[in-house]
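**Student:** This is the structure I want to talk about, given as structure tokens.
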Amino acid sequence: MSFLTSLWNYILVSAPFLMFGLLAAGVIKAFISVERIKKAMGGKGLKGAVKASVLGIPLPLCSCAVIPTAATLKKQGASNSATSAFLIATPESGVDSIAMTYGMMDIPMTIIRPVAAFVSAFVAGALQLVFKTDKDVEQVSGEVKPSCCGSSKKKDESVIVKQSFAKKAQASVHFGFVELVDDMAIWLAFGIVAGAFIDFALPANFFDGLSGWGGRGAILLVGIPLYICASATTPIAASLVMKGMSPGMALLFLLVGPATNISNILVIGQYIGKKGVVINLLSIALVALGFSFLTDYLYSAFSWPLNFNVSHHNHETSSWWEVSLAVVFTLLLLRSLLFVELPKRVKKYFEDKGNSGSCCG
Numbered sequence: 372m373s374f375l376t377s378l379w380n381y382i383l384v385s386a387p388f389l390m391f392g393l394l395a396a397g398v399i400k401a402f403i404s405v406e407r408i409k410k411a412m413g414g415k416g417l418k419g420a421v422k423a424s425v426l427g428i429p430l431p432l433c434s435c436a437v438i439p440t441a442a443t444l445k446k447q448g449a450s451n452s453a454t455s456a457f458l459i460a461t462p463e464s465g466v467d468s469i470a471m472t473y474g475m476m477d478i479p480m481t482i483i484r485p486v487a488a489f490v491s492a493f494v495a496g497a498l499q500l501v502f503k504t505d506k507d508v509e510q511v512s513g514e515v516k517p518s519c520c521g522s523s524k525k526k527d528e529s530v531i532v533k534q535s536f537a538k539k540a541q542a543s544v545h546f547g548f549v550e551l552v553d554d555m556a557i558w559l560a561f562g563i564v565a566g567a568f569i570d571f572a573l574p575a576n577f578f579d580g581l582s583g584w585g586g587r588g589a590i591l592l593v594g595i596p597l598y599i600c601a602s603a604t605t606p607i608a609a610s611l612v613m614k615g616m617s618p619g620m621a622l623l624f625l626l627v628g629p630a631t632n633i634s635n636i637l638v639i640g641q642y643i644g645k646k647g648v649v650i651n652l653l654s655i656a657l658v659a660l661g662f663s664f665l666t667d668y669l670y671s672a673f674s675w676p677l678n679f680n681v682s683h684h685n686h687e688t689s690s691w692w693e694v695s696l697a698v699v700f701t702l703l704l705l706r707s708l709l710f711v712e713l714p715k716r717v718k719k720y721f722e723d724k725g726n727s728g729s730c731c732g
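Residue numbering for the sequence shown follows the working numbering, starting at 372 and increasing by one per position.
Structure follows, in structure tokens:
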């Protein structure tokens, strides 16, 4: 099997579920305002943490895009507990990544992934209450800008604008298939290409020896400071399992990669404090480790087969609608890469080059 065949197979497997996830994400974005989220997160104590954890699971925001939303909620009175839970649950899981997990992996992983995201978010929220971190944070004002995914300017979502159903439906499609793809384009392309390359280049049992604390520690060290969006981790994780990595270790990668990155760790400190940041990082790491070992135990104890969908999908037997969705998804991704990301990065390159030479006497 050639690399291009493997790449096309990955696109065929992921496209139908990702397109559904993008549409669902658009509907959620258009019909659920930040004001509604704020009201839902209004409960004090553990109630607020539970609500924030549940609300964060389906929302289509990466760890960068979630910060302005969380900052708005915090400035409007949300507690450290609820804010922390929202900051963790939202990037670790989303309706798009859940759909993609089902499409490329299996039902147990599709269930375990959002459950683990909920638990890590709730634990962080509960610990914020235990250590009373709200007392360590002063009220902060000012605009917070996304620092890693799409950098397009977003409207202030705290302002309520009444729209007709038709306008909201149109906004759903635009957000799901244009804005969200723009935000994820580079990482999504990287994830699919990397997954296909692993499938093509590595032997079947390549990761058999990578297990226990050593391998998990390496994933934590790499995953916590670096960033990759939840949907983009899915094809990579599926390929790693197909090449011998345990499902628990793959889950660890699925959880810690999207949840944090070094630039966002620095930004969120001004909203939840240094102690709050440490609590969040420890909660993410420890809960992810716990679920990693639990997942391996469940697959072994119940003899669940590693029958991931990506491993037995054949492009030669794909239906016309699968091929059609794969083509549409590829075109959407190429549009974002060629007409949004590439011009933006070229412009930034020349601006940086010009600025570096403007200080000469």
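Here a beta-carbon is modelled for each residue, glycine too, at the ideal position from N, C-alpha and C.
1. Reducing DSSP to helix, strand and coil, say where T472 ends up.
2. Around the C-beta of R587, are 16 or more other C-beta atoms found within 10 angstroms, so that it is buried, or is it exposed?
3. What residue range is occupied by the uninterrupted alpha helix (DSSP H) comprising W379?
4. Quick one: what's got a C-beta closer than 8 Å to L708's C-beta in the same chain, skipping five residues either side?
5. Do G594 and V627 come within 7 Å of each other at the CB atom, strictly closer than that value?
6. Taking 8 Å as the cut-off, does the segment 489-498 touch the segment 456-463 (at least 3 CB pairs, one atom from each stretch)?
7. Return the Cβ separation of T604 and G562 in integer angstroms, given the expectation that the two are a contact with Cβ distance under 8 Å.
8. Taking C-alpha atoms, which residue in K503, S464, G448 lies nearest to V437?
9. Quick test of the definition: if touching needs 3 or more C-beta pairs under 8 Å, does the segment 649-658 touch the segment 602-621?
10. Is the beta carbon of D477 within less than 6 Å of some heavy atom of the ligand GDP?
11. Assuming P387 contacts G474 (C-beta within less than 8 Å), just tell me the rounded distance between them.
12. Please identify the residue among K715, L581, G661, F548 whose C-alpha is closest to the C-alpha of V486.
13. Does DSSP put K614 in a helix, a strand or coil?
14. Going along the chain, which residues of its own chain have a beta-carbon closer than 8 Å to the beta-carbon of S543, five neighbours each way excluded?
15. Label I478 either buried or exposed according to how many other C-beta atoms from any shown protein chain fall within 10 Å of its C-beta, with 16 as the threshold for buried.
16. Going straight from the alpha carbon of G725 to that of K719, what length do you get?
17. Closer than 8 Å by C-beta to D579: which residues in its own chain qualify, once you throw out the five before and the five after it? Chain order, please.
18. In angstroms, rounded to a whole number, what distance separates the CA positions of A453 and A497?
19. Considering only residues of the same chain and omitting the five flanking positions on each side of M476, which have a CB-CB separation below 8 Å?
20. For Y642, report the span of its alpha helix (DSSP H) as first-last.
21. Could you give the distance in angstroms between the alpha-carbon of F577 and the alpha-carbon of A621?
22. Taking all protein chains shown into account, decide if E722 is buried (16 or more other Cβ within 10 angstroms of its Cβ) or exposed.
23. Between the beta-carbon of D570 and the beta-carbon of S617, is there less than 7 Å?
24. In this structure, does DSSP put S424 in helix, strand or coil?
25. Going by the beta-carbon positions, is the gap between S450 and G427 smaller than 7 Å?
26. Please state the DSSP three-state secondary structure of G580.
**Tutor:** Once the coordinates are examined:
1. helix
2. buried
3. 374-402
4. A556, I557, A560
5. yes
6. yes
7. 6 Å
8. S464
9. no
10. With respect to the ligand GDP, the structure offers nothing, as it holds no ligand at all.
11. 7 Å
12. G661
13. coil
14. L394, G397, V398, K400, A401, F402
15. exposed
16. 10 Å
17. G615
18. 9 Å
19. T605, A608, A609, V612, F679, N680, V681
20. 633-672
21. 14 Å
22. exposed
23. no
24. helix
25. no
26. coil
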